[in-house]
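J.:
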Amino acid sequence: MRIFPDVSLEGIHVDKEEMLRYLGFRGQELDESLRNSINRCADLAEQAALPRFVTAESAPVRLLENGVDLDGLFLAGEDIRLHLGQASAGVLMGVTLGVQMERLIQYHRRQSMADAVMIDAAATALIEQACNRIEDSLRKLYQKQGLDVTERFSCGYGDLPLETQPDIIRVLDAPRAIGLTCSSSLILIPQKSVTAVLGVVPPGSYRSVRGCQSCKNRNHCLYRKEGVFCGYQGQAAQ
Amino acid sequence: MDIRARLHNKEIIRLDGAMGTMLQAAGLKLGENPEVLNITEPDTVHKVHTAYFAAGSEVVYTNTFGANAHKLKRTGYTPEDVIQTAVRIAKIAAKPYNGLAALDIGPIGELLEPMGSLKFEEAYELFAQQVRAGAEAGADLIAIETMTDLYEAKAALLAAKENCNLPVFVTMTFEQDGRTFTGCSVPAMALTLQGLGADAIGINCSLGPKQIYSLAQTLVSWTTLPIIIKPNAGLPTVKDGQTAYDLSPAEFGRELAGFLDLGVSIMGGCCGSNPEFIRELCRNLDGKAPDLSKRVEKVPPAVCSNTEVVPIDQVRVIGERINPTGKKLFKQALLNGDMDYIVKQGIDQAEAGADILDVNVGLPSIDEAAMMARVVKELQGAVSLPLQIDSSSQAAAEAGLRYYNGKPILNSVNGEEAVLSRLLPLVKKYGCAVVGLTLDENGIPKKAEERLAIAAKIKARALEYGIPPEDVYIDCLTLTASAEQESAMETVRAVQMVKEQLGLKTVLGVSNISFGLPAREKLNQTFLSAAMAAGLDLPIINPNAAPMMDAVSSFLVLSNADKGSVKYIKRFAQEGKNVKNTPTAPAAGYDINFTILHGMREETRQLCRGILQETAPLDIVNKVLIPALDEVGKLYESGKIFLPQLIAAAEAAKSAFEVIRASLPSGDKSAEKGPIVIATVKGDIHDIGKNIVKVVLENYGYRIIDLGKDVPVETVVRAVEQHHAKLVGLSALMTTTLVSMEQTIQAIRKQGIDCKIWVGGAVLTPEYAQQIGADFYAKDAQQSVAIAKEILG
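Here the protein sequences come in this chain order: F and H. First residue of the first sequence: 0, per numbering that gives the first Met the number 0; consecutive thereafter. First residue of the second sequence: 0, per numbering that gives the first Met the number 0; consecutive thereafter.
(1) Go through the stretch 121-181 of chain H residue by residue and report every complete run of the alpha helix (DSSP H) that reaches 4 residues or more, in order.
(2) To test your reading of the DSSP string, which unbroken beta strand (DSSP E) runs of 3 or more residues are found completely within the stretch 383-410 of chain H?
(3) Look at G360 of chain H and P323 of chain H and say whether their C-beta atoms are less than 8 Å apart.
(4) Enumerated in chain order, which unbroken segments of the alpha helix (DSSP H) with a length of 4 residues or greater are wholly contained in the stretch 142-213 of chain F?
(5) Thinking C-beta only, is A44 of chain F closer than 8 Å to V94 of chain F?
(6) Report all residues from its chain with a CB closer than 7 Å to the CB of G502 of chain H; omit the five preceding and five following residues, and keep chain order.
(7) According to DSSP, is A584 of chain H helix, strand or coil?
(8) Answer yes or no: does any C-beta atom of chain F fall closer than 8 Å to that of E793 of chain H?
(9) Between I625 of chain H and Y699 of chain H, how many whole angstroms is the CB-CB distance? I'm expecting something under 8 Å.
(10) So is G598 of chain H in contact with chain C if we call contact Cβ pairs under 8 Å?
(11) With DSSP as the reference, label A480 of chain H as helix, strand or coil.
(12) Between H:M0, H:K446, H:I473, which has its C-alpha nearest A459 of chain H's C-alpha?
(13) Quick check on I2 of chain F - is its C-beta less than 8 Å from some C-beta in chain H?
(14) Interface residues of chain F around A381 of chain H at Cβ under 7 Å?
(15) Does the Cβ-Cβ distance between V631 of chain H and I595 of chain H come in under 8 Å?
(16) According to DSSP, what are the bridge partners of A100 of chain H?
(17) Does the CB of R34 of chain F have a neighbour CB from chain H at under 8 Å?
(18) Rounded to a whole number of angstroms, what is the C-alpha to C-alpha distance between V358 of chain H and P385 of chain H?
(19) For a test of your reading of the model: does the CB of I118 of chain F fall under 7 Å from any non-hydrogen atom of the ligand NAD? Yes or no.
(20) Can you tell me whether DSSP reads F119 of chain H as helix, strand or coil?
(21) Taking 8 Å as the CB-CB cut-off, is T581 of chain H touching chain F?
(22) Check D42 of chain H in the structure and name its three-state DSSP category.
(23) Opposite K90 of chain H in the DSSP bridges: which residues?
(24) Which residue marks the beginning of the beta strand (DSSP E) containing S7 of chain F, and which one marks its end?
(25) Helix, strand or coil for R51 of chain F, going by three-state DSSP, please let me know.
(26) Hey, does V375 of chain H have any beta-carbon neighbour from chain F nearer than 8 Å?
(27) What three-state label does DSSP hand D285 of chain H in the structure shown?
(28) Would you mind stating whether I11 of chain F and L103 of chain F have Cβ atoms separated by less than 8 Å?
(29) Tell me, to the nearest whole angstrom, how far the beta carbon of F180 of chain H is from that of T147 of chain H; I am working on the premise that it is less than 8 Å.
(30) With 8 Å as the limit, tell me which residues of the stretch 99-115 of chain H have their beta carbon closer than that to any beta carbon of chain F; keep them in chain order.
(31) Quick check: G97 of chain F and S57 of chain F, are their CB atoms within less than 8 Å of each other?
(32) With 8 Å set as the bound, which would you pick, yes or no: does the beta-carbon of L642 of chain H sit closer than that to a beta-carbon of chain F?
(33) Can you say whether P582 of chain H is buried or exposed, counting buried as having 16 or more other CB atoms within 10 angstroms of its CB?
(34) Would you mind giving the Cβ-Cβ distance between L791 of chain H and Y701 of chain H, rounded to the nearest angstrom? I have them listed as a contact below 8 Å.
(35) Along the stretch 233-245 of chain H, what residues have a CB closer than 9 Å to any CB found in chain F?
(36) Report the partner residues of L91 of chain F according to the DSSP bridge assignment.
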């Protein structure tokens with residue numbers, strides 16, 4: 000069942016610190032022209048973003064030996080089983096910034112690859128912010144009913160396979176609802192998009208599974224290799 | 000029911016309402032394939048159709064929205080199984096009501112290239128399979144619906160037109176801002192789909208009738224076809240814990256019937272509607288007729304990409320720079336398949352103010368049709384301007400028209416009978432505009448009157464093929480003033496006569512006028528002004544030449560097209576500022592190491608020009624640029640600078656390389672090493688890492704053959720062989736595409752090619768690289784340089 004949390008994705012702004020983190024920034028000196036470029040690229044990404052989302056509640060949750068059955072949607076793995084262990088229902092979400100972000104990046108990379116890389120990072124910061132807003136609004140929605148939601152959990156986190164992606168897209172009717180599709184090699188298109196599963200749980204009953212252990216990039220993270228936490232909740236710098 | 004006659008007269012045709020909504024009410028779960036029910040529960044589907052017919056529908060859509068081979072893959076059924084059953088069910092339901100069954104075709108569910116990885120040809124094949132199955136089973140018409148990508152709609156429409164003779168409806172889904180998810184606007188849809196031969200077009204799903212009304216108002220002024228509106232039952236909300244739509248059947252029927260006032264004639268319902276909604280709709284339509292006086296008689300003259308419509312209602316500039324004639328670097332780019340260079344030519348012209356881009360990729364040694372298809376696809380992924388497909392090869396012309404996402408121009412036909420009968424059918428089929436050159440078997444006539452006669456012939460022949468006059472643009476041909484001085488004003492006179500006497504739009508390649516004379520731009524500018532005053536609509540010029548754009552900008556003021564001189568003022572106010580800010584000489588105190596390190600492209604270029612006065616080109620490369628880049632590389636590796644700075648430095652160095660390359664005699668490749676073939680592997684479309692590697696490597700003087708993203712295994716193997724590359728770089732960003740990387744490596748090895756392969760990408764590790772047979776693993780662009788140095792020096 001589609002649900003409509005009270006949230007607007009209009010006017011989302013690029014968190015510059017986060018954008019810089021995606022670019023591998025570690026406190027280097029930024030001269031004025033680079034600062035200007037960072038601001039300009041963040042503006043371009045903000046202007047091009049057409050964020051849209053779709054959310055749906057699915058119940059019942061049935062814990063199986065090798066994963067979870069969410070009203071016919073099978074989610075494999077121990078991690079999602081832990082994540083939804085206390086859940087009475089699941090919430091699926093899909094978010095995208097739209098395909099014009101790709102066009103913007105393809106346009107700028109022919110003029111300046113440096114700009115393209117910065118726009119790309121700015122867009123990643125934007126989609127994360129959109130996800131956070133949606134997650135917060137879902138939490139509020141369920142808190143009103145005396146419930147709570149877990150943090151979001153995406154395909155590729157922990158042992159939840161990427162192969163689940165097309166099923167989530169289908170259940171959300173995401174192509175029709177927000178123009179979000181999944182390619183045959185399991186890439187979300189538009190690229191600046193996220194799908195995730197949250198559990199509807201009794202208040203205070205879930206434990207966070209975030210951090211490096213749930214990150215799909217944990218074996219390749221540049222920060223982690225240096226013994227530093229990226230600060231980002233969900234996916235590390237590549 | 001004679002559907003064609005009803006369509007021709009724009010009589011009311013009553014469609015059905017939602018299928019999915021009805022099946023869900025009957026117990027279908029979210030995410031289940033509704034199409035499988037045709038086979039497992041035919042009665043349920045039959046009941047839905049019957050209920051709609053009983054409510055007043057004259058046409059029902061078969062339960063085949065997702066019946067394509069991709070979506071059915073995991074169900075164990077083929078499109079043929081599902082479609083033939085579905086059509087049979089609908090026909091049985093239609094019989095007692097004398098109704099019709101439309102084969103419903105929805106989107107494939109994957110985005111097409113270049114944003115996605117589904118090829119246009121693959122999409123076409125999937126649709127063709129559905130069309131053939133539906134036609135064979137006796138469908139009465141084809142209904143392509145809920146499209147959000149104009150490119151996909153085009154693939155589906157072509158598949159329908161080329162595989163059956165049934166009438167074809169096409170509707171797309173728009174958001175409140177008047178665009179689809181992929182950015183297609185209502186006018187762009189109308190121009191493209193009417194051109195391609197749809198029998199009726201319109202809007203379905205997306206919104207309720209109230210929100211669609213203003214979109215329909217736009218639509219009626221851009222098409223002469225019957226219009227279909229099949230909205231949702233309002234906007235979605237949650238009612239009693241269930242998704243619901245906010246209109247009652249009575250409200251829906253009343254609001255939708257209001258579309259008759261716009262001349263809309265074909266109506267039904269989409270998500271959330273049921274037979275009650277259709278009954279109310281039919282009740283409101285009873286005894287009424289669409290107000291056809293609101294419909295336009297002609298489509299406004301215009302061309303478009305999927306996102307941008309360019310009406311030919313004032314002077315519009317066609318940029319001429321995507322053309323190898325007389326351009327060393329462009330020819331080289333075609334030979335190397337360097338799409339970035341070619342797309343950059345398009346972007347530069349767009350920035351300079353071009354409205355349309357001419358695309359000519361003819362070079363004797365290449366497969367022009369394949370190149371045209373590739374360039375058109377690449378361009379439309381980055382530039383939103385409409386294209387003019389320019390080729391004398393029929394195969395290349397057709398490739399360009401077929402793969403274009405929008406309504407392009409074909410350049411060109413002429414008065415020769417053989418040319419007309421060969422190319423006009425293509426113009427008709429693909430619904431493009433066409434340039435007609437005023438020459439024929441006897442060459443270019445001297446007098447304007449004779450050129451007018453050829454133009455008249457082209458217009459008449461076009462009409463015979465069903466090509467409307469507003470899509471015929473006449474080129475009265477510019478002759479070189481140094482050779483045929485007397486004919487310069489004949490051309491201008493011919494432009495005026497074609498405009499006035501034939502009422503056709505005119506196009507003219509301008510620069511040819513000054514060939515062989517000094518100060519060419521002055522002559523070009525004056526000739527352009529004269530031609531515009533005579534009525535030239537579409538000058539083909541170099542938009543990067545400021546005097547030409549100055550003339551156009553001025554003329555738009557004088558012709559009262561640039562209202563309030565707004566654009567003129569903006570252009571010249573800006574220019575004044577730019578002049579002040581552009582340093583005429585490199586700022587004192589900067590040396591080239593500094594400018595490269597700080598990513599100062601223009602300054603680096605100028606400094607390089609200065610150094611070139613005293614230093615041999617190769618010495619600059621080896622003693623200045625490479626050491627500077629090595630220094631940048633060290634700073635990056637030690638964490639003193641980060642990624643954007645590394646790339647900006649590489650791009651600054653690249654501008655110096657361009658100066659050096661341009662200073663070398665043609666064919667001198669001494670500053671060049673390589674080549675290196677690079678590609679993002681099949682299935683993967685994350686190309687950012689590969690592109691960074693490309694920029695950095697180019698600046699060490701390596702020639703890069705960049706095959707792009709989502710590159711098939713065979714393409715890599717062929718390129719490595721063809722270019723005798725000693726080094727190949729492959730990138731993949733997903734665990735799911737590492738398989739393609741391994742396959743690509745295996746295929747290169749199997750071919751016995753003597754080359755080294757290095758790999759990179761977020762999910763790779765040195766161990767895994769070794770395991771799949773790569774020679775090297777690079778964690779970043781800088782390591783790629785080290786590998787290239789080791790292998791190629």
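Built from N, CA and C at the ideal position, the CB exists for glycine as well.
T.: With the given structure in hand:
(1) 149-162
(2) 386-389
(3) In the sequence as presented, Gly is not what sits at residue 360 of chain H; that position holds Val. Yes.
(4) 164-170, 173-177
(5) no
(6) P468
(7) Reliability of the predicted coordinates at A584 of chain H is poor, the pLDDT of 49 falling under 50, and no value is obtained from them.
(8) This structure cannot speak to residue 793 of chain H, because chain H is shown only from 0 to 792.
(9) 6 Å
(10) Structure shown: chain C not included; protein chains present are F and H.
(11) coil
(12) H:I473
(13) Yes, contact with chain H.
(14) R102, Q105, Y106, R109
(15) yes
(16) H:V59
(17) no
(18) 10 Å
(19) Of ligands this structure carries none, so the ligand NAD is not represented either.
(20) helix
(21) Note on T581 of chain H: pLDDT 44, under 50, position unreliable in the model; the coordinate value appears next. So, not an interface residue.
(22) helix
(23) Partner(s): none; K90 of chain H has no beta bridge.
(24) It is not in any beta strand (DSSP E) - S7 of chain F carries neither H nor E in the DSSP assignment.
(25) strand
(26) no
(27) coil
(28) no
(29) 4 Å
(30) P106, G108, E109, L110, P113, M114, G115
(31) Result no, Cβ atoms of G97 of chain F and S57 of chain F do not sit closer than 8 Å.
(32) When Cβ-Cβ separations below 8 Å define contact, L642 of chain H makes contact with chain F.
(33) With a pLDDT of 45 at P582 of chain H, under the threshold of 50, the modelled position of this residue cannot be trusted, and the question is left open.
(34) 7 Å
(35) Sequence-ordered contacts of the stretch 233-245 of chain H with chain F read P235, T236, V237, G240, Q241, T242 [C-beta pairs closer than 9 Å].
(36) F:A55, F:V196
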